Amino acid sequence: MDYLAAAFQAAFELIVSFDADLWEIVALSLRVSLTAVLIAALIGLPLGAAVALFAFPGRGALIVLLNALMGLPPVVVGLVVYLFLSRAGPLGVLNLLFSPTAMIIAQVILVLPIVAALTRQVIEDLWSEYREQLVSLGAGPARAIPTLLWDGRVTLVTAILAGFGRASAEVGAVMIVGGNIDHVTRVMTTTIALETSKGALPLALGLGILLLLLTLLINAAAEGVRRYARARLA
Amino acid sequence: MTAEPMRQVASVPRTAGETYRDSILPCRFEGVVYEVGGKRPIDGLDLTLEAGPVTLLIGPNGAGKSLTLRLAHGLIAPTAGQILWQNRKLERAGRGPRRQSMVFQKPVLLRRSVAANLDYALSVHRVQGEERRQRREEALARTGLTAYARQQARTLSGGEQQRLAMARAWALKPQVLFLDEPTASLDPAATAAIEEIVRAMHAEGCKIVMTSHDLGQARRLADEVIFLNRGRVVEHTPASDFFEQPNSRAARDFLAGKLVW
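Heads up: the sequence lines are chains A and B, in that order.
Residue 6 is where the first sequence starts when you use the working numbering, and the numbers rise one by one after that.
Residue 878 is where the second sequence starts when you use the working numbering, and the numbers rise one by one after that.
What follows is the structure in structure tokens.
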């Protein structure tokens, strides 16, 4: 019991003393996950909307695939990205393995299906409400995509948040393609895994607390935005 | 009751450079069938919508009034038969701006300001710059919404939302305006406001084709009545004739407030 209490105390000390190593790890985590979510959103929002609005052969299969990919095991994604980026792999010449860029690539692959699949659902629902009006005005599907993404913006924040939750919490993919190299590719989740197995609980606990706080904070901010928007936009 | 004389307003040119030859009317339905789920809510519809009179589509529930508007406006495609517009190549739905507008029972407004809703419709119609600003301000003024220009559209009252839908239709200067029970969920004052806008658009030469369950409204607005029953045209007559001496038993029953079979 003492040892747990001592670990918590050490963890808080690390946090409040702005320990340089700890904040470096937090900063890299945010950089990797936020960049991955941004890229996934830029691709996934229009992709999901297009799947919702356009009829094409194989659409049903694509929807099933997108939904299934939401549950991709991160270690498998890590393995596949590793194979592509390793020296002998097709993209080996880019020399990206064990870099933050490789971690961003792996997380984009994890987050993209979540954003695209949830966007597809949101936009399909909106389209059933808006279709007749937009067609009447003369707006075809291509014009409707940005319109619906904008009108669904409040709900779509949730899709993007779900993606961020996935990216910031996963450990398998970034561990494999990043390599958990100190000061280079060490992020919160990989550090927690490593430090715990080493028995160095204070750093692991401190990061765990920060990770939880961060998630809470971001979700609280998103909820605030949603409430404000709902009251203002009706 | 004394019948109003038929108001015959020719479809006038709507925008600079447009001539009478560009009129999309008449619109002809030839043997139109619309089948859904093994049923035929529209079953062999023949009718012609001419430029000019305010046309009211009336009939009992399920007669096919709304479907007729949607077919004419191109929101759904007939299963059989055809719908012909003059210059019809220009009037296919889903192929860019057209010279017909529709106002629905429940207006779908975008989650942005009142003015931005008008700007959106105008931009889809490729109306830019100063002309867009002018048309937007005029439409706001004509529908009494100028003071609400910056308000979020979805926070307007039901009557104001429908006025915005009318303003949006007006700004596009259509030759034909379809209205699907536009006042069904509005109070009398809001209904009067919508009717006033309908009259003003008609006075500017816009053909009005409207469905209504409100016989008082039909009497107030209609120049001619198309009475539908079971997906077919039963009567197509001047409004005064229809309300005073309906030809068919179905129409007599309907006007007498009886169930029509």
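Virtual Cβ for every residue (Gly too), placed ideally from N, Cα, C.
Please read these numbers as outputs of a predicted model, since none were measured by experiment.
Chain B within 8 Å of residue i, Cβ atoms only
i: A/Leu-238; result: yes
i: A/Asp-26; result: no
i: A/Gln-112; result: no
i: A/Gly-143; result: yes
i: A/Asp-130; result: no
i: A/Val-140; result: yes
i: A/Arg-148; result: yes
i: A/Tyr-8; result: no
i: A/Glu-200; result: no
i: A/Glu-18; result: no
i: A/Tyr-135; result: yes
i: A/Thr-106; result: no
i: A/Val-230; result: no
Any C-beta of chain A under 8 Å from that of residue i
i: B/Arg-1129; result: no
i: B/Ala-1016; result: no
i: B/Ser-1034; result: no
i: B/Val-985; result: yes
i: B/Leu-948; result: no
i: B/Pro-974; result: yes
i: B/Met-1043; result: no
i: B/Ile-961; result: Note on residue identity: the sequence assigns Leu, not Ile, to residue 961 of chain B. Closer than 8 Å: no.
i: B/Leu-1063; result: no
i: B/Glu-895; result: Summary for B/Glu-895: the model assigns pLDDT 47, below 50, so the residue's position carries little reliability; its value from the coordinates is reported in the next sentence. No, B/Glu-895 does not count as interfacial toward chain A.
i: B/Ala-1133; result: no
i: B/Met-979; result: yes
i: B/Arg-988; result: yes
i: B/Thr-892; result: Its pLDDT being 48, under 50, B/Thr-892 is placed unreliably in this model, and the coordinates cannot settle the point.
Per DSSP, the bridge partner or partners of residue i
i: B/Gln-977; result: B/Val-1053
i: B/Phe-906; result: B/Leu-924, B/Ile-960
i: B/Tyr-911; result: B/Ile-919
i: B/Gly-1109; result: The sequence given here has Arg at residue 1109 of chain B, not Gly. Answer is B/Asn-1106.
i: B/Gln-1029; result: B/Ser-990
i: B/Glu-1101; result: B/Thr-932, B/Pro-1115
i: B/Met-1087; result: B/Leu-933, B/Leu-1056
Cβ-based burial, residue i [other Cβ within 10 Å; buried from 16]
i: B/Gly-1006; result: exposed
i: B/Arg-1129; result: exposed
i: B/Arg-1126; result: exposed
i: B/Lys-1050; result: buried
i: A/His-188; result: exposed
i: B/Pro-930; result: buried
i: B/Asn-1106; result: buried
i: B/Thr-956; result: exposed
i: B/Lys-942; result: buried
i: A/Glu-175; result: buried
i: B/Gln-885; result: For B/Gln-885, the predicted structure reports a pLDDT of 42, less than 50, and the residue's modelled location is therefore unreliable. The matter cannot be settled from this model.
i: A/Val-69; result: exposed
i: A/Val-98; result: exposed
i: A/Ile-186; result: exposed
i: A/Trp-155; result: exposed
i: A/Gln-14; result: exposed
i: A/Ser-38; result: buried
i: A/Phe-61; result: exposed
i: B/Arg-1013; result: buried
i: A/Arg-235; result: exposed
Residue j beta carbon less than 8 Å from that of residue i
i: B/Val-1020; j: B/Trp-1047; result: The question names Val, but residue 1020 of chain B is Thr in the sequence shown. It is a contact, given that the beta carbons lie within the stated cut-off.
i: B/Val-991; j: B/Ala-1018; result: no
i: B/Gly-1108; j: B/Ile-919; result: yes
i: B/Pro-984; j: B/Leu-1041; result: yes
i: B/Met-1043; j: B/Ile-1085; result: no
i: A/Ala-149; j: A/Leu-58; result: yes
i: A/Gly-157; j: B/Val-1001; result: no
i: A/Ala-172; j: A/Val-116; result: yes
i: A/Thr-190; j: A/Ser-133; result: no
i: A/Met-180; j: A/Leu-215; result: no
i: B/Leu-924; j: B/Val-1111; result: no
i: B/His-1113; j: A/Ser-141; result: no
i: B/Pro-1065; j: B/Gln-1039; result: no
i: B/Gly-1036; j: B/Ala-1080; result: no
i: A/Leu-90; j: A/Leu-101; result: yes
Min CB distance residue i to chain E below 8 Å
i: B/Leu-1056; result: Annotation note: the requested chain E is absent from the structure, which comprises protein chains A and B.
Contact set between the region 998-1014 of chain B and chain A, restricted to residues whose Cβ is under 8 Å from the partner | Ala-998, Val-1001, His-1002
Near-chain B residues of the region 174-196 of chain A - C-beta to any C-beta below 9 Å | none
Just by C-beta distance, which residues in the region 1099-1125 of chain B are closer than 7 Å to chain A?
-> none
Between the region 903-917 of chain B and chain A, which residues of the former have a C-beta closer than 9 Å to a C-beta of the latter?
-> none
Using a Cβ-Cβ cut-off of less than 7 Å, list which residues of the region 1085-1100 of chain B approach chain A; keep chain order.
-> none
Using Cβ-Cβ distances below 7 Å, what residues of the region 1017-1030 of chain B are close to chain A?
-> Gln-1029
Given a limit of 9 Å on CB to CB distance, which residues of the region 150-161 of chain A reach chain B?
-> Thr-152, Trp-155, Asp-156, Gly-157, Arg-158, Val-159
Contact residues within the region 920-954 of chain B, judged by C-beta distance below 7 Å to chain A | His-950, Leu-952
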